[in-house]
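In this note's numbering, the protein residues as written are 982 to 1118.
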């Protein structure tokens, strides 16, 4: 993202020892299953294939955190039931995720989501990637 002119890029990962892996310079450990009320907001948030790895009892806090971090645009995906995958134990249908994010003030952009789904080469994103915004489309 920085090479495309984004001035500030932060990455967060739930793996506790992410920094010791030495593969990412700008990735920080953050447990999004705990409530995070921070002053920083991001105009663009990219959260892909994370929620299905979060236990159901922490799902609402995770969604609160994602919505709280987003000030403008969110690209989001969550594995759908039956998708399968390593560590997937909380797959959810798109309609459920859309409803949950709508209740947190995000607006689902169906047209843009469909365009992105057609564009992606990754088969799971063809049915899971969604675009949301705050404050109108």
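Note that beta-carbon positions come from the ideal geometry of N, C-alpha and C, so glycine has one too. Because the structure is a prediction, the values reported are computed rather than measured.
I'd like the list of long-range same chain contacts for residue i, defined as Cβ closer than 6 Å, with 5 residues on each side in sequence excluded.
i: residue 1046; result: 1013, 1017
i: residue 1050; result: 1023, 1026
i: residue 1054; result: 1025, 1114
i: residue 1056; result: 1027, 1112
i: residue 1078; result: 1059
i: residue 1116; result: none
i: residue 1068; result: 1034
Cutting at 7 Å between CB atoms, please list the residues of its own chain near residue i, excluding the five before and the five after it.
i: residue 1048; result: 1082, 1085, 1086, 1087
i: residue 1058; result: 1029, 1030, 1106, 1109, 1110, 1111
i: residue 1043; result: 1013, 1014, 1032, 1035
i: residue 1090; result: 1112, 1113, 1114, 1118
i: residue 925; result: Past the boundaries of the shown model lies residue 925; the chain is included only from 982 to 1118, so the question cannot be answered.
i: residue 1037; result: 1071
Let's see if you can read the secondary structure: which residues bound the alpha helix (DSSP H) around residue i?
i: residue 1045; result: 1040 to 1050
i: residue 1121; result: Residue numbering for the chain in the displayed model covers 982 to 1118; residue 1121 lies beyond these limits and cannot be assessed.
i: residue 984; result: From DSSP, residue 984 is part of no alpha helix (DSSP H); its letter is neither H nor E.
i: residue 1095; result: 1091 to 1100
So residue i packs on residue j, CB below 8 Å; how close in whole Å?
i: residue 1032; j: residue 1073; result: 7 Å
Identify the residues that DSSP records as bridge partners of residue i: which are they?
i: residue 1057; result: 1028, 1111
i: residue 1088; result: 1114
Taking all protein chains shown into account, decide if residue i is buried (16 or more other Cβ within 10 angstroms of its Cβ) or exposed.
i: residue 1040; result: buried
i: residue 1080; result: exposed
i: residue 1178; result: Outside the modelled stretch of the chain, which goes from 982 to 1118, sits residue 1178, for which no answer is possible.
i: residue 1094; result: buried
Residues in its own chain within less than 8 Å of residue i by CB, not counting five upstream and five downstream?
i: residue 1061; result: 1072, 1073, 1074, 1075, 1108, 1109
i: residue 1101; result: 1107, 1110
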